[in-house]
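What follows is a set of notes on a single structure, which appears directly below.
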Amino acid sequence: MHGKINDVSCKRIECSSLGCIKSKDGTMLMENKEKLYRWSEHVEDLFKGDRCENPEIRKSLQGLTILKEEVRASVKKMNNGKVTEADNIPT
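Start counting the sequence shown at 1; every next residue gets the next number (the UniProt record's numbering).
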């Protein structure tokens, strides 16, 4: 529906295979080189700066230890063609 409205209103923006990407100032980037540069800028922004480790997050990620034997047993039980249950483990 939106595509047809854009076609009729001549507001369609042609995007290449990299999709539509905006620069930091909000202008639409059309050239693939510009888009790739913007992606590299974005990734740099994500990882720059000092981050302190949050012990609460680390604590919440720690759960029960999964033993290799448990994994092996589960993989052994799985056969092709079996349907998974709610926990996505085939029975």
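Built from N, CA and C at the ideal position, the CB exists for glycine as well. Fair warning: this is a prediction, and the values are worked out from it, not measured in the lab.
| query | Which whole-angstrom value is the C-beta distance of Ile21 and Lys33, which I expect to be below 8 Å? | reply | Not confirmed; about 12 Å, so no contact.
| message | If the criterion is Cβ atoms closer than 9 Å, does the pair Leu46 and Arg38 meet it? | response | No, these two residues do not count as a Cβ contact at 9 Å.
| query | Going straight from the alpha carbon of Gln62 to that of Glu53, what length do you get? | reply | Using only the alpha carbons, I get a separation of about 15 Å.
| said: Measuring straight from C-alpha to C-alpha, what distance separates Glu44 and Asp50? | reply: Those two C-alpha atoms are separated by around 13 Å.
| query | Between the beta-carbon of Lys24 and the beta-carbon of Glu41, is there less than 9 Å? | reply | The Cβ atoms of Lys24 and Glu41 sit closer than 9 Å to each other.
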